[in-house]
Amino acid sequence: MSVRSIVTDRMTRHPSDSHTLDRYLGTGGYRALAKALEMPPDEVTGEVKAANLRGRGGAGFPCGVKWSFLAPAKPAYVVVNGDESEPGTFKDRQLMERDPHQMLEGTIITSYANGANHAFIYIRGEYPRSARRVQQAVEEAYAAGYLGSDILGSGYNLEVTVHLGAGAYICGEETGLLNSLEGRRGEPRLKPPYYPAAKGLYMQPTIVNNVETLANIPWIIENGGEAFAAIGPDGSRGTRLFSISGHVRRPGNYELVMGLTWRELIYDVAGGIPEDRALKCWIPGGASAPWFVPDDHLDLPVTLDDTAKAGSMLGSGAVVIMDETTCTVRATERLVRFFAHESCGQCTPCREGCSWLERILRRIEEGSGREVDVDMLLDISDNISPGLAWPPRMTTICPLGPSAVSPILAITSYFKDELMAHIHQGGCPFD
Amino acid sequence: MTEPVTVTINRREVSAQPGEMLIKTAQDNGVYIPRFCWHPRMNPVGMCRMCLVEIETPRGPLMVTSCTTPVSDGMTVDTTNPSVKKAQEGVLEFLLINHPLDCPVCDRAGECPLQDQTMAYGPGESRFVEEKRHFEKPIPISELVMLDRERCILCARCTRFSEEISGDPLIEFQERGNYTEVNTFPDEPFRSYFSGNTVQICPVGALTATPYRFRARPWDLTFVVSTCQHCSSGDRINLQSSQNRLLRILGLDSEPTNQGWLSDKCRFGFEYVASPARLTSPMVRDEEGELREASWGEALDYAGGALGEVISRSGGRAVAGLGGARGTNEDAYAFSKFLRSAVGTNSVDCQMDDGLDPRLLSGIVDRARIADLEGAGSILVWGPDLKEEHPTLYLRVRRAAQELGAGLVVIHPRGTGLDDRASVKVTYQPGRGGEVLSELMDGNGRMAEAREVLSNGPVVALLGRPGYGESPDLAEATAAFVRSLPDATILPLARRGNVFGALDMGLSPALLPGRAQRGTLAAQMLADRWGELPAASGRDCRRILEGLESGDIEALVLVGADPVRDVPDGGLARRAFENAGLVVAIDQFLTDSSRMADVVFPAMGFSEVEGTVTNIEGRVLKVNRLTPGPGQSRPDWAILSDLAARLGVDLGLVSAQQISQEVEELADIYRSVNWERLDWEDRDGVVVGGDLGYVPVFSQVTSVSPRSGEMALHYARTMYDDGVMMRESPSLRPLAPGSAAHLHPSDAARLGVGEGDSVDVTSVSGSLQAGVVIDPTLEPGVVYVPFNQPDTPSLGSVLGVKVSR
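Chains as they are written, first to last, in my numbering: chain H, 1 to 431; chain Y, 432 to 1236.
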């Protein structure tokens, strides 16, 4: 297990003022920008490609490749996705609150590489401190000449706008975010045809990157893509922030080099489970990820590819640990309730299906479950996500609806006994 | 058209236009894919997910919505396999779990897409045992539309219509997830001129129309296809009745005209047909000067005798005719023939003093077709506010500018509905149109951009008289200039339902049936059939009214017209009627005009007679009969024929269809018109060509300003007014804006008045009291007064008015 700091280095060493421009400059800040501005934009993109940096927002798409898909039309935009709303995910918040200039510098370099002269930072509305810190950083950067016209004498211009969301999880989906940014309802767009790289913000080519992804960019430019690609296992290069929560002794954000096992992550990094209770299951990558259980998954390496092969994902890096005292039906009901609540309501299967699933689960949890409900849960899930496979197929516009299916599959496959106990006992055995 | 591609749908190869959506290709090839949100006239949104199908991809079968998937060459599609069936059944189950299933009390039941598709594609029974979602049952969202949110399946057809098509997005999604609902904004009712379209396209009974709610069951309705007569666009409609009562009008998707849409005036403005105020018996003025019911024989004898007396005393030229633009071509032809061959006068006018040259309207060279808007590089609109007077044409112009990329230049004295889509909007003071035209021709200053836009051909110009304060010569001068623009075509604007048909039938002093001019070979051929044509030239509407007032004209025959309410100078019309020696009226109502007639004959009208009409682009369309006329009412042509007989002349008219055949024989351009074909293969109508080739004449239009102390009057029509058809349609009557004086904020400040205060507006011909509306879209110094509002006298065709507190 190797711990190495890239994006949390500054905040770890200077916890009191890592967010200030002074501290940022004093610890090497904006050197990467100066270096990048002397490189042709293609070369910047080349370094990021060489780094094999994969997106930290959830899908894990190679960042440099995404940049190279940008359509040539002008103007092009860069949008920073800081709408971190997945239950259990709290890493971008720390990056924005504690080291906003790092992310901002990454944003400026990204905008330069992609020929954008306007970038938008979209921050979750419930993150007022992130918003204040980022706004402050933006103002400092303008004053210091890292933003605005002719940045560092390079002739390159960039405006940055900070925008706050209004409390919708779906606006973390990139096209929903773009709609919201344009002042429309926060609903995902149809893909095709509205791929952001071709028809994004205001129907112009747009790069949407996650906060953590961008926070890695200055390090990559300064140290070179190859140096980044030398860290961690193939396909999961660099470090990654894990937000560990639930039944562990030391919950929190951890910047880790991937490749360790889940056992190491849960028991060594997070200190194991309080009172040494037994581990029941965990969500490896955010609320929408299929669950893992100790018997099958505890010694799997924590990498994007191994996790995907095992039928789940690292997603946004949220690991939620559940021990033996957890009622998985209640946990499932809570997660499905979240998705039902956050469904934008645009397409039928998600709007109607998620709340139907929620209500059946609540009925079971409250003791009015019927045996037939088990098959119904699966069949309704199948009508949202045909075949119940991973990665999910969808009858929906975006993956939110199918996300609600993941916990249901967990309780119907791993914890069916528990589910049946609810039905047969007419209530929750954990009560 | 690009090279077609080949697509395999359910193992059958079909060819399609690349880019076309799969759902459309399938439908055109006989494969129906169920859908709720997709509508062929709106952009796809892929929201309801009902149209899921599977396409083959290199990575295996992929489920996609066929309404958002463009076809591509070699695409293989399966619309019926078990996984598609399961997905469709699943979507229907989802849609139904919260749907109230109150079909027995729902207007939509029996013609409901949700019902139909549940029958065809849905699960047999519901597995849903939870409580359904509840909302307050129907809430009125406007005077005309009720919203039942429980029934709504959130397909976004209504919201898209109001955003994409009509451009007044007053109805929107609110809340989210399972609580998503369609609704209006607080204190902003769904007051759209086009709201009824959302009721028609709603795939459930969520939106219902108050004029139709609970009036009938779809399976009890009898229907015919017809053409709307409220404006001259020729909108195709489905007339529906139950027990001989007209109950509903739906828009038909006719490519050349309305493309499925209707204005609310067209959709709901039919209630007058069944009004108890309809005339059911002829009426004759008795010794006490009161109109009393009379028998047909008595009334015809009276009218024939009185008319005959005038003719034998003073000659046919002492008689004049007004109206005819509200009926069919057959009725208009009968009127024309009656006046010219039985009475012997050329004094006839159907345009009711809009001041435009009839040759410009019906016979201009390079006359545009409505469809030309689709391929237009740029469009010039300088005439009446299309939204008020030509609503479906307005939608076509919007679409051309919004979806098809045409540049749009709008010149009008105030804000119009098109302004948000206009590349250039020029506002000006009425009376200064000549100056504005000069600027446009020079292309300098504020017109530089307009000329730039209009340099993109083909140019389509929609030209007419913006208001009665403006010189009527302006449209013609503009038309003359427009001809110098690249590939320009011109669509002259006149609003009355069949005004273009009436002109084609010769209801104009200078024109004879078939757009023939007096003194031509065509006129000679007509005389061979009609007998000698009157030699003296005729008078137009204004001069007829003046003649009646002065006594030069002794008798008037009025057909379906209400000059007192409907000509710009209503005061003149009133004096003309008061001084007229004899007025014979054929009408459906006692209007402010026919009330002063000596004899009134009850006429059948819309939905009661069969015939043809001619729309704004010269397209001949069929109108059909669905309901019987009230009481003893008869078609215009039959009344005129009997009246001619009383004058000793046999017009030789035996039926509307026979008249149509006579027109075909006499008027070259109507040769292609055939009733049977119009009901079937030509149901979108046939355009009658063979124009007069009238070349618009450029004349310097002098700009005039109001006298000192006066304001310039913009006097123009609104969709809902005090015309008798609106007055007798209870659902629409309250929607007339009423007497109002729109003032620029600076003028309001100068007068010391605010919104809602009362002002007096006085012209040389009349005076009215009006509520102030603050209207920043006007130029300072201009007052806009809506024409013909309930209980308001006419201000006349004047430029200057005094406005005072």
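The beta-carbon is built from N, C-alpha and C at its ideal position, and this holds for glycine as well.
For S1189 of chain Y, the enclosing beta strand (DSSP E) stretches over residues S1189 to T1193. A check of alpha carbon separations from A518 of chain Y across H:H422, H:M394, H:S288 and H:C281 identifies H:M394 as the nearest.
Within chain Y, the residues K517, A518, E520, G521, V522, E524 and F525 have their CB atoms less than 9 Å from the CB of N383 of chain H, given in chain order.
Rounded to whole angstroms, the separation of the alpha carbons of R591 of chain Y and P822 of chain Y is 18 Å. According to the DSSP assignment, L792 of chain Y belongs to no beta strand (DSSP E) but to the alpha helix (DSSP H) extending over P789 to G794. At least one CB atom of chain Y sits nearer than 8 Å to the CB of S343 of chain H.
Within the stretch 458 to 486 of chain Y, those residues whose Cβ lies closer than 7 Å to any Cβ of chain H are, in chain order, G477, M478, C479, R480 and L483. Per DSSP, V1204 of chain Y is one residue of the beta strand (DSSP E) stretching across S1198 to I1205. Q546 of chain Y: member of the alpha helix (DSSP H) spanning P544 to Y552, first to last residue. When C-beta atoms of the stretch 934 to 947 of chain Y are compared with those of the stretch 1099 to 1106 of chain Y, three or more pairs fall below 8 Å, so the two segments count as touching. For the beta strand (DSSP E) assignment, the uninterrupted runs of no fewer than 3 residues enclosed by the stretch 58 to 138 of chain H are, from N- to C-terminal side, 77 to 82 and 118 to 123. Contact of I408 of chain H with chain Y is not assigned, every C-beta pair being separated by 8 Å or more. Separation of L1071 of chain Y and T1149 of chain Y (C-alpha to C-alpha, rounded to the nearest whole angstrom) is 32 Å.
Sequence-ordered contacts of the stretch 546 to 571 of chain Y with chain H read R558, F559, V560, E561, E562 and R564 [C-beta pairs closer than 9 Å]. When CB distances to chain Y are screened at a threshold of 8 Å, the residues of the stretch 347 to 369 of chain H falling below it are C347, T348, P349, R351, E352, G353, C354, S355, W356, R359, I360 and R363, in chain order.
In this structure, the beta-carbon distance from E333 of chain H to E371 of chain H does not fall below 8 Å. Cβ-Cβ distances below 6 Å link R23 of chain H to H14 and D17 in the same chain, with the five nearest sequence neighbours on each side left out; the list follows chain order. The DSSP-derived three-state label of H422 of chain H is helix. Rounded to the nearest angstrom, the Cβ distance from E86 of chain H to A287 of chain H is 5 Å, consistent with a contact under 8 Å. Contact note: R185 of chain H reaches chain Y through F604, using a C-beta cutoff of 7 Å and chain order.
In this structure, DSSP gives R667 of chain Y an extended state, which the three-state scheme calls strand. By the Cβ criterion, the stretch 714 to 733 of chain Y is in contact with the stretch 1025 to 1041 of chain Y, since at least three pairs of Cβ atoms, one from each stretch, lie closer than 8 Å. Membership of C281 of chain H in the beta strand (DSSP E) is indicated by the continuous run L279 to I283.
Comparing alpha-carbon positions, the option among Y:G1185, Y:D918, Y:E819 and Y:V1051 lying closest to C662 of chain Y turns out to be Y:E819. Under the Cβ distance rule, M376 of chain H counts among the residues neighbouring chain Y, one pair being separated by less than 8 Å. Residues are counted here when their Cβ sits less than 9 Å from a Cβ of chain Y; for the stretch 256 to 267 of chain H the count is zero.
Collapsing the DSSP output to three states places Q860 of chain Y in coil. In this structure, the CA atom of F525 of chain Y is about 6 Å from the CA atom of P349 of chain H.
For R676 of chain Y, no alpha helix (DSSP H) encloses it; the enclosing beta strand (DSSP E) starts and ends at R676 to G682. Chain Y has no Cβ within less than 8 Å of the Cβ of L388 of chain H. The alpha-carbon of N875 of chain Y is positioned some 23 Å away from that of S902 of chain Y. Taking 8 Å as the CB threshold, A166 of chain H stays off the interface with chain Y. DSSP, reduced to helix, strand and coil, places E358 of chain H within a helical segment of the structure shown. At a cut-off of 8 Å, the C-beta of R337 of chain H has no neighbouring C-beta in chain Y.
Chain order gives the chain Y residues near A340 of chain H as G608 and N609, where near means a beta carbon separation below 8 Å.
For N529 of chain Y, the residues of chain H that pass the 7 Å Cβ criterion are E352, in the order they occur in the chain.
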